[in-house]
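The next block holds one structure in the form of structure tokens; read it before the comments.
Numbering (the numbering used here), first residue to last: 5 to 1009.
Next up, the structure:
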């Protein structure tokens, strides 16, 4: 309470007659606490708030109403000059009290007392209701649940041997066992029965090369385990020599790794403690035991002999996949086995078996038995490093023998035995490919290229050359080749729907058309038309015209798209207006009136449109239409150059001045050469004064505003909840209404399409808004947890629990063009632009407690491709606010710091994945309610009582704009690189032009 320095006894104690009531005050002293609360609840309405004041309850109404004082339920208060008063005050009485805006003057017991905004304490009237006897009931909609979202592109399985036709022989059992041992997997060995061995023995033909893999007996395995050397190894095999006692002792206690000359991977033997620690560590990276010739103790050798030969574990990297599920670590027995394989002669045993297998494989190639050689052939990698060629690296785990969709890399996925063996195998495979091609065995030849030589792109070209178009497309997609190449192959294979879906998902229409134009001109033209139609359906008419223009026979489509684009407004509309006048035979006459209106307009609002129009005119070729437009265009640019606050046009004027066009000769004589202007735009002038905007209850609108976005031409689209959506012009007039429920808006990048969202139980009803044709249609009901606030007109990113999807908004029913599932938690926030996608995932502990927040960032071109994952540091609990940019800059806000949390200098922040100037991490500040980020701007929201403040800062942390609302509803902020809108449920809307710094208030009537 802030009483005056002396008691003020006003002449009037209460209001009289009928007044416009803004608040009620109920005093429990005369009514009793129960009756006072009952009257508060009876007078309460949505949007009203309750405050504790002077021992009573102050009820502030959402909308003032007329009431007779004699029949009022409580003491009425009237809003006068921003102050609530319970009695009419004279000028002298008001001067003595000196109440600030937002204060309350209460006359009680004959004395007027003034209470400042800070003296009020908000009360939750819901706590007065006793609902302990209520039972919560789970409700469901009466209609049928929506069907699960369809997947437009089911992933193709990678091609296997069977894909290349029946002539490619199946993998031999010996090769399957060898590959399994290379991968470190257990292979059950089935002993042949007596009659099976008899049949095999008597059916063998002379000269047959046979490699028999059978289980050795107990004593044979013991002899092999304790044998001191391996005889009979040829070049390329591994020979193991048993070291003497002192040599092993010296190497066990050696402190440094000493490699032999020419072998960088000859590791020293670690001590027994180190080896035990390595065996018990789940994250240790194990090297291949094949090149180790060290013998272990007797018990280890005995156990190894009893277990039989086995392959060592392949080293696992920490590669980041699109799925966050970490691979389950090996158990205790697996770690013990890995330790034994490193420190027992099992490595030498495995090496000997590989050497025998390679020797047999070379013999098959030398004998010309291609069928049997292909059955035993081991795939190679063309990107092996030096380590793999020296150490005979072991391939990574393979569930089955097939072409890996993501290719191979490094030593972990190749089979080599030194450079000589590696090159010899490669040369054998190349000779086999050439022979199969000469014999017309196309499928087998393609198999050798794709599977054995790891030359997938060459195999695709080879298959296309021989008419195997379907197989070529499957191979290109299965091996994850360039998306443009995949689109090209599916289009040639006549699967147009799949080709277009992949092109839309990855944004590679241009690359695919360029690839087709080199060899298939007709198909390239057809794909170009489909590309242009896709852009036009998404509302990107300017780019659709650019794409379809090379197709002369489709100029009529370009004309229709130009006319629709002109109706949309904005800078793209001005560009299309110039193209209509310059590039169509009857275009100049059709565009004359609109051009005159644009160039004669002297307002700064359409200056960007005049600049865009002049840019197209400058780049156009000489023509009569261009000559007629040059002079009025230059004059409009010179007029805009003289306006303060607009970007300088001097550079463009100099280019017009240098044009050798006769139409400019007279104007060039009178017009001096334009000089560069030091004038900067508002966005580039941080030294300009801070812009302040104040809106009180008197600025409230007739409808609650749930969302607001700014469109080209300074139009605004408002979401009014169940009242629908409304399109408002720059002068405040209503241009169109959309009769669909709208609580949230998703705006297209071109600003001529939007999605309106409204919650319906557990689902969200999604409606499509065409802002050019000004019509709305209901689209679907979707389950949504998070979504991107913008889309490109055809691709919209959404999230449901732990799955992120790219939704095709042009389809009749929602379908997914791309998805990543099992991201590890619930998606909280998403952001997207033309190049990037990012989202934040909440990870919980097994007890459903907070664990961490993780930011994922994707690059959209040619993908989406995951470019980064990072945890938000220093968080001990879920943040109260979360801000995110499309390129991955994330910032969390904690209003109250939990006890024990370290107040570090850079809390709750993740940097973007691109190199740019980023924002300073949000420091703790009192009364802060949230943050909103874009790449160049940042809005911080504050709340102090009923005062809500939004502060706009640039990336250098300069304060540029401050917007203050008085009242109870919090501010809602939408921020882009071009504009910032701020609104609340009282219907107050203001938006800022971030290029010019202009402030626009939008009336809601």
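We put the CB at the ideal spot given by N, CA and C, even for glycine.
CB-CB length for residue i against residue j, believed under 8 Å
i: residue 993; j: residue 984; result: Not quite, the Cβ-Cβ distance comes to about 12 Å (not below 8 Å), so this is no contact.
i: residue 101; j: residue 118; result: 5 Å
i: residue 892; j: residue 938; result: No, residue 892 and residue 938 are not in contact; Cβ-Cβ is about 13 Å, not under 8 Å.
i: residue 749; j: residue 758; result: 6 Å
i: residue 814; j: residue 802; result: Going by Cβ atoms, the distance from residue 814 to residue 802 rounds to 15 Å, so no, they are not a contact pair.
i: residue 425; j: residue 362; result: 6 Å
i: residue 160; j: residue 478; result: 6 Å
i: residue 888; j: residue 838; result: Wrong, their Cβ atoms sit about 16 Å apart, outside the cutoff.
Same chain, Cβ closer than 6 Å to residue i, five either side skipped, listed in chain order
i: residue 513; result: 507, 535
i: residue 753; result: 796
i: residue 17; result: 91, 111
i: residue 470; result: 446
i: residue 41; result: 132
i: residue 570; result: 577, 580, 581
i: residue 780; result: 742, 744, 771, 773
i: residue 489; result: 480
Three-state secondary structure assigned by DSSP to residue i
i: residue 154; result: strand
i: residue 361; result: helix
i: residue 530; result: helix
i: residue 431; result: helix
i: residue 642; result: helix
i: residue 522; result: coil
i: residue 542; result: coil
i: residue 437; result: helix
i: residue 986; result: strand
i: residue 1010; result: Residue 1010 is absent from the model: the chain starts at 5 and stops at 1009.
i: residue 111; result: strand
i: residue 409; result: With a pLDDT of only 36 at residue 409, under 50, the local geometry of the prediction cannot be trusted, and the value read off the model is given with reservation. In this structure, residue 409 counts as coil in the three-state DSSP scheme.
i: residue 757; result: strand
i: residue 744; result: coil
i: residue 861; result: strand
i: residue 922; result: coil
i: residue 3; result: Since the displayed the chain opens at 5 and closes at 1009, residue 3 lies outside it and no answer follows.
i: residue 752; result: strand
i: residue 104; result: coil
i: residue 952; result: strand
i: residue 369; result: helix
i: residue 588; result: coil
i: residue 647; result: coil
i: residue 963; result: strand
i: residue 703; result: helix
i: residue 445; result: coil
Residues that DSSP places opposite residue i in a beta bridge
i: residue 934; result: 945
i: residue 785; result: 769
i: residue 55; result: 62, 126
i: residue 810; result: 801, 822
i: residue 146; result: According to DSSP, residue 146 bridges with nothing at all.
i: residue 80; result: 28
i: residue 686; result: In DSSP, residue 686 forms no bridge with anything.
i: residue 70; result: 24
i: residue 3; result: As displayed, the chain neither begins before 5 nor continues past 1009, which places residue 3 out of reach and without an answer.
i: residue 830; result: 846
Close Cβ partners of residue i (< 8 Å) along its chain, the five nearest in sequence each way excluded
i: residue 668; result: 634, 635, 638, 660, 661
i: residue 823; result: 155, 807, 808, 809, 810
Nonlocal neighbours in the same chain, by C-beta distance under 7 Å from residue i, ignoring five residues either side
i: residue 156; result: 505, 812, 819, 820, 821
i: residue 963; result: 694, 955, 957
i: residue 487; result: 506, 510, 512, 866
i: residue 527; result: 495, 496, 520
i: residue 14; result: 91, 93, 97, 111, 116
i: residue 616; result: 575, 578, 579
i: residue 595; result: 581, 584, 585
Any chain B beta carbon closer than 8 Å to residue i
i: residue 802; result: Checking the listed chains, one finds no chain B in this structure; it contains a single protein chain.
Check: residue i C-beta below 7 Å from any heavy atom of the ligand FMN
i: residue 436; result: Absence of the ligand FMN from the depicted structure is noted, as is the absence of any ligand whatsoever, leaving it without description.
Where in the stretch 462 to 509 do unbroken runs of the alpha helix (DSSP H), each at least 4 residues long, occur, reported from the N-terminal end onward? Segments of the alpha helix (DSSP H) lying fully in the stretch 462 to 509: 473 to 482, 487 to 496.
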